[in-house]
Amino acid sequence: MKFEWSDEKNSLNIEKHKVSFEEAKEVFLDPMHISKLDRRFEYFEERWITLGLTQKDNILVVANMFFDENGEEIIRIISARKANQKERIFYEQH
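Using my numbering, count along the sequence shown one by one with no gaps and you end on 94.
Given below as C-alpha coordinates:
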(Lines of atoms letter the chains of each structure in order from A and count residues from 1; the text may use other names and numbers.)
(Lines give C-alpha, C1' and ligand atoms only; values in the text may rest on other atoms or scores of the structure.)
Protein backbone atom coordinates (compact mmCIF):
# COMPACT_ATOMS: atom_id res chain seq x y z
CA MET A 1 0.00 0.00 0.00
CA LYS A 2 1.36 3.38 -1.06
CA PHE A 3 0.00 6.86 -0.36
CA GLU A 4 0.13 9.99 -2.46
CA TRP A 5 -1.24 13.51 -2.27
CA SER A 6 -0.72 17.04 -3.48
CA ASP A 7 1.63 18.96 -1.18
CA GLU A 8 -0.32 22.13 -1.92
CA LYS A 9 -3.62 20.46 -0.92
CA ASN A 10 -1.95 19.11 2.22
CA SER A 11 -0.87 22.62 3.26
CA LEU A 12 -4.35 24.00 2.60
CA ASN A 13 -5.91 21.11 4.50
CA ILE A 14 -3.69 21.74 7.55
CA GLU A 15 -4.62 25.43 7.44
CA LYS A 16 -8.36 24.76 7.09
CA HIS A 17 -8.89 21.57 9.15
CA LYS A 18 -5.71 21.31 11.29
CA VAL A 19 -5.17 17.75 9.97
CA SER A 20 -2.17 16.65 7.93
CA PHE A 21 -2.37 14.00 5.22
CA GLU A 22 0.46 12.23 7.04
CA GLU A 23 -1.92 11.70 9.98
CA ALA A 24 -4.83 10.97 7.61
CA LYS A 25 -3.05 7.97 6.09
CA GLU A 26 -3.17 6.30 9.52
CA VAL A 27 -6.93 5.70 9.16
CA PHE A 28 -6.18 3.06 6.51
CA LEU A 29 -4.10 1.13 9.05
CA ASP A 30 -7.01 1.08 11.49
CA PRO A 31 -8.47 -2.45 11.26
CA MET A 32 -11.92 -0.99 11.97
CA HIS A 33 -11.83 1.72 9.25
CA ILE A 34 -14.90 2.09 7.05
CA SER A 35 -14.71 3.04 3.36
CA LYS A 36 -17.73 3.77 1.20
CA LEU A 37 -18.14 5.12 -2.29
CA ASP A 38 -18.82 8.88 -2.30
CA ARG A 39 -21.98 9.36 -4.35
CA ARG A 40 -22.78 12.89 -3.15
CA PHE A 41 -21.62 14.48 -6.42
CA GLU A 42 -20.82 13.34 -9.94
CA TYR A 43 -17.04 13.23 -9.91
CA PHE A 44 -14.90 12.44 -12.94
CA GLU A 45 -13.25 9.68 -10.92
CA GLU A 46 -14.33 7.16 -8.27
CA ARG A 47 -14.00 8.88 -4.90
CA TRP A 48 -14.34 7.27 -1.52
CA ILE A 49 -14.99 8.48 2.02
CA THR A 50 -13.01 6.63 4.68
CA LEU A 51 -13.62 6.92 8.41
CA GLY A 52 -11.03 5.69 10.87
CA LEU A 53 -8.94 6.21 13.98
CA THR A 54 -5.41 7.65 14.07
CA GLN A 55 -2.60 7.11 16.57
CA LYS A 56 -3.56 10.46 18.14
CA ASP A 57 -7.01 8.96 18.85
CA ASN A 58 -8.64 11.27 16.33
CA ILE A 59 -11.47 9.85 14.26
CA LEU A 60 -10.99 11.32 10.80
CA VAL A 61 -13.08 11.55 7.65
CA VAL A 62 -10.81 11.17 4.62
CA ALA A 63 -11.80 11.78 1.00
CA ASN A 64 -9.65 9.51 -1.14
CA MET A 65 -9.24 7.47 -4.29
CA PHE A 66 -8.09 3.86 -4.58
CA PHE A 67 -6.23 2.63 -7.63
CA ASP A 68 -3.72 0.05 -8.74
CA GLU A 69 -0.37 0.84 -10.31
CA ASN A 70 1.66 -2.13 -11.51
CA GLY A 71 0.07 -4.41 -8.91
CA GLU A 72 0.55 -1.99 -6.01
CA GLU A 73 -2.44 -0.41 -4.25
CA ILE A 74 -2.22 3.38 -4.30
CA ILE A 75 -4.35 5.55 -2.04
CA ARG A 76 -4.58 9.20 -3.09
CA ILE A 77 -5.70 11.45 -0.23
CA ILE A 78 -7.81 14.41 -1.35
CA SER A 79 -8.87 15.92 1.98
CA ALA A 80 -9.16 15.04 5.67
CA ARG A 81 -10.93 16.46 8.69
CA LYS A 82 -11.93 15.45 12.18
CA ALA A 83 -15.23 13.58 12.32
CA ASN A 84 -18.27 15.38 13.67
CA GLN A 85 -20.34 13.89 16.49
CA LYS A 86 -22.69 12.00 14.16
CA GLU A 87 -19.75 10.49 12.27
CA ARG A 88 -17.96 9.53 15.51
CA ILE A 89 -21.07 7.72 16.76
CA PHE A 90 -21.40 5.91 13.41
CA TYR A 91 -17.75 4.79 13.60
CA GLU A 92 -18.06 3.65 17.21
CA GLN A 93 -21.22 1.61 16.48
CA HIS A 94 -19.72 -0.28 13.51
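Glycine included, every Cβ here is placed at the ideal spot set by N, Cα and C.
Residues of its chain near residue i, where Cβ-Cβ distance is below 8 Å and the 5 sequence neighbours each way are ignored
i, result
"Met-32", "Gly-52, Leu-53, Tyr-91, His-94"
"Ile-75", "Met-1, Lys-2, Phe-3, Glu-4, Lys-25, Phe-28, Asn-64, Met-65, Phe-66"
Residue burial classification, residue i (beta-carbon count within 10 angstroms, cutoff 16)
i, result
"Asn-64", "buried"
"Asn-84", "exposed"
"Leu-37", "exposed"
"Asn-70", "exposed"
"Phe-21", "buried"
"Glu-79", "For the record, residue 79 in the displayed sequence is Ser; it is not Glu. Buried is the call here."
Neighbourhood of residue i by C-beta distance below 6 Å, restricted to the same chain and skipping five residues each side
i, result
"Glu-73", "Met-1"
"Arg-88", "Ile-59"
"Ile-14", "Ser-20"
Strand pairing of residue i, partner residues [DSSP]
i, result
"Asn-64", "Trp-48, Ile-77"
Cβ shell of residue i (< 7 Å), same chain only, five flanking positions each side left out
i, result
"Ile-77", "Phe-3, Trp-5, Phe-21, Ala-24, Lys-25, Val-62, Asn-64"
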